[in-house]
Amino acid sequence: MNLGALLKGKTVFITGASSGIGAHLARVSAESGANVVVAARRLDELRAMEDDLRVRGAADVLSLRLDVADEASVKAAIATARAKFRTLDVVVNNAGVAGGSMALDMDMAEFDRIVAVNLRGAFMVANEAGRAWRAEKRDGAVINIASVLGFRQAGGVSAYAMSKAGVVQMTKTLALEWARHGIRVNAIAPGYFDTAMNEGFFDTDAGKTMIKRIPMRRIGDMRDLDGPFLLLATEASAFMTGAVIPVDGGHLVNSL
Ligand SMILES: NC(=O)c1ccc[n+]([C@@H]2O[C@H](COP(=O)([O-])OP(=O)(O)OC[C@H]3O[C@@H](n4cnc5c(N)ncnc54)[C@H](OP(=O)(O)O)[C@@H]3O)[C@@H](O)[C@H]2O)c1
-18 MNLGALLKGK TVFITGASSG IGAHLARVSA ESGANVVVAA RRLDELRAME
32 DDLRVRGAAD VLSLRLDVAD EASVKAAIAT ARAKFRTLDV VVNNAGVAGG
82 SMALDMDMAE FDRIVAVNLR GAFMVANEAG RAWRAEKRDG AVINIASVLG
132 FRQAGGVSAY AMSKAGVVQM TKTLALEWAR HGIRVNAIAP GYFDTAMNEG
182 FFDTDAGKTM IKRIPMRRIG DMRDLDGPFL LLATEASAFM TGAVIPVDGG
232 HLVNSL
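Our numbering puts the first residue of the sequence shown at -18, with every later residue one more than the last.
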């Protein structure tokens, strides 16, 4: 899809870009003419995407190894991206892990791993970018990928849901603190999308039952994210900050 030049001259930094939603948002950024920084732990997966991103229209592409649970890795990745592109315009906090178990069976190492990536990691990435924008006296935009589980509940995903509720509140608190610096912080709360995170689930009876509870009776198509993402990444949302946009086929408003 040709998305014109909506992000021409802009640099978009995406965490967890080696698969799923992050890889898709990298493609959308490329189709919009951006410089695209793709970051994740699997550098080989990122490098394998580079040619495709260029063909789609990326002005330039940089692949960076990044572990968002590691503060030194976060600092190094943001610094390397800034060194190449001088500044970042949009930072997408997409890296995330699911997993977990029923709360009574929770292994605290598992709890810590989920929170370290989904919440602490996202906060460190946002903060590192925010400090750079403040020092540069430049505007910036953070887009956090939250989840409908930041608002609602399901069994067996308590740590994930808590981490995503934290991402929702992080979006709002940083929006409040950073408006004075010209930094906007918004979020997308996806409903269910078919990615490695929930591989096979939608073919199970539980998955099919869950889909029946979505008012639109389907899971998301990656392209459903394009409009909300481009809204938050561009000046079209110049007066929006602290907003969390559900992209969920109505899942959050389903009937009791
Ligand atoms: N799929 C859904 O239905 C759904 C719904 C709501 C929200 N979300 C959110 O969407 C985001 C993307 O998930 P997805 O569905 O696209 O799943 P995915 O395909 O498993 O992608 C997760 C990405 O996060 C990266 N990642 C994991 N741990 C990392 C770490 N420590 N440092 C850096 N990157 C890390 C992974 O890359 P590496 O392994 O290469 O590091 C991978 O690229 C997540 O935040 C997820 O919670 C997904």
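A virtual CB, placed ideally from N, CA and C, is assigned to each residue, including glycine.
Check, Outcome
"Given residue 156 as reference, the closest of 43, 48 and 107 once Cα atoms are compared", "107"
"Contact test: residue 152 Cβ vs ligand 1 heavy atom, cutoff 6 Å", "no"
"Nonlocal neighbours in the same chain, by C-beta distance under 7 Å from residue 128, ignoring five residues either side", "145, 170 and 171"
"Validate contact between the region 22 to 38 and the region -6 to 3 using beta carbons, cut 8 Å, 3 pairs", "yes"
"Residue 24 beta carbon near ligand 1 (any heavy atom closer than 6 Å)", "no"
"Supposed close pair residue 69, residue -8 - CB separation, criterion 8 Å", "5 Å"
"Cβ-heavy atom distance, residue 48 to ligand 1, below 6 Å", "yes"
"Beta carbon of residue 210 nearer than 7 Å to that of residue 6", "yes"
"Three CB pairs or more closer than 8 Å across the region 123 to 143 and the region 211 to 230", "yes"
"Closest residue to residue 140 among -13, 94 and 66 (Cα-Cα distance)", "94"
"Rounded separation between residue 195 and residue 186 - CA only", "15 Å"
"Same chain, Cβ closer than 8 Å to residue 91, neighbours up to 5 away in sequence not counted", "80, 81, 82 and 140"
"Top-ranked residue by Cα proximity to residue 221, from 112, 121 and 237", "121"
"Distance cut-off 6 Å: residue 171 Cβ against heavy atoms of ligand 1", "yes"
"Close Cβ partners of residue 137 (< 7 Å) along its chain, the five nearest in sequence each way excluded", "81, 82 and 83"
"Check whether residue 45 and residue 20 have beta carbons under 7 Å apart", "yes"
"Inter-residue spacing [alpha-carbon to alpha-carbon] between residue 30 and residue 41", "12 Å"
"Neighbour flag for residue 82 against chain B, beta carbons, 7 Å", "Absent here is chain B; the protein component of the structure consists of one chain."
"Own chain partners of residue 111 with C-beta closer than 8 Å, once the 5 adjacent residues on each side are dropped", "121, 123, 155, 159, 162 and 164"
"Which of helix, strand or coil DSSP assigns to residue 99", "helix"
"Alpha carbon of residue 168 to alpha carbon of residue 71, nearest angstrom", "12 Å"
"Delimiting residues of the alpha helix (DSSP H) encompassing residue 121", "Segment 121 to 126 is the beta strand (DSSP E) holding residue 121; no alpha helix (DSSP H) there."
"Span of the beta strand (DSSP E), counted from its first residue to its last, around residue 168", "164 to 171"
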